[in-house]
Amino acid sequence: MQMDSDLVIYRTTLVRTFQVVTICRVGLMAPVGTIFQDLMDIKRNQREHDSKLTALDGQISAIRNEQLDFQTKIAADILSLSTQISDIANFIRSGDAIKGEVGSSSRRPPIHVERRPLPTPQASVDDQSDRDIAGSGGAVHITGGGTFAERVERARRQFIESGLVISVEEATERVIEADRRESDRLERERARERREKRLSRSSASKRRRGF
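Residues in the sequence shown are numbered from 6 upward in steps of one, following the numbering used here.
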């Protein structure tokens with residue numbers, strides 16, 4: 006009988022111990038679940054943060070490329086302007102003979118020349134440096150090769166051949182105007198290329214982010 010009583014007591018103790026363990030486990034499940042949920046939220050926020058950093062890196066890279074393109078354009082424009090100024094200065098310094106020619110031509114009586122339109126040459130793809138200089142005697146098509154003085158003289162000679170007698174100063178102004186128009190055209194092309202690059206980078210960034 007004593008043994009049976011001990012077994013009953015031992016069994017009761019085991020049942021109570023199991024109940025205590027069960028209660029403790031249930032009590033620990035809620036904090037552990039909260040901790041796991043917090044960890045999942047932290048990981049999700051980290052992924053979103055990494056995605057934003059990737060997009061920001063793409064934008065910074067695009068801005069840096071645009072800055073490099075702008076600096077390259079400014080350097081090219083400064084070099085072109087310096088070359089033109091140097092050519093004009095050399096042309097003015099060596100213009101004693103030309104001034105004498107202009108003075109003598111200005112004292113000559115006006116020359117009546119029959120004006121006839123010249124056939125307009127077709128611009129080829131390989132000759133993108135050609136320019137049209139418009140005047141009252143028609144359009145004069147000259148190439149951009151040679152020094153500034155050579156281009157001015159070539160433009161003046163072509164104007165005279167087309168029936169319009171102009172001075173060296175007028176030919177100089179027309180060549181400068183043609184250079185300005187050509188510079189504007191190149192600037193428009195560079196702006197278009199920059200827009201296309203921005204659109205391409207934006208599309209690639211959206212694809213990486215899964216949009």
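Backbone N, C-alpha and C define an ideal beta-carbon position, used for all residues, glycine too.
- Taking the CA atoms as reference points, ASP62 sits about 23 angstroms from ALA196.
- Only exposed fits THR17, as fewer than 16 other CB atoms lie within 10 angstroms of its CB.
- For VAL170, no alpha helix (DSSP H) run applies, since DSSP gives it neither H nor E.
- Separation of ILE65 and ARG52 (C-alpha to C-alpha, rounded to the nearest whole angstrom) is 20 angstroms.
- The criterion of a C-beta distance shorter than 8 angstroms is satisfied by ARG161 and VAL173.
- DSSP places GLY38 within a helical segment (H, G or I) once states are collapsed to three.
- Measuring C-alpha to C-alpha distances from ALA154 to each of ASN50, TYR15, THR88 identifies THR88 as the nearest.
- Taking the Cα positions, ARG200 is about 27 angstroms away from GLU182.
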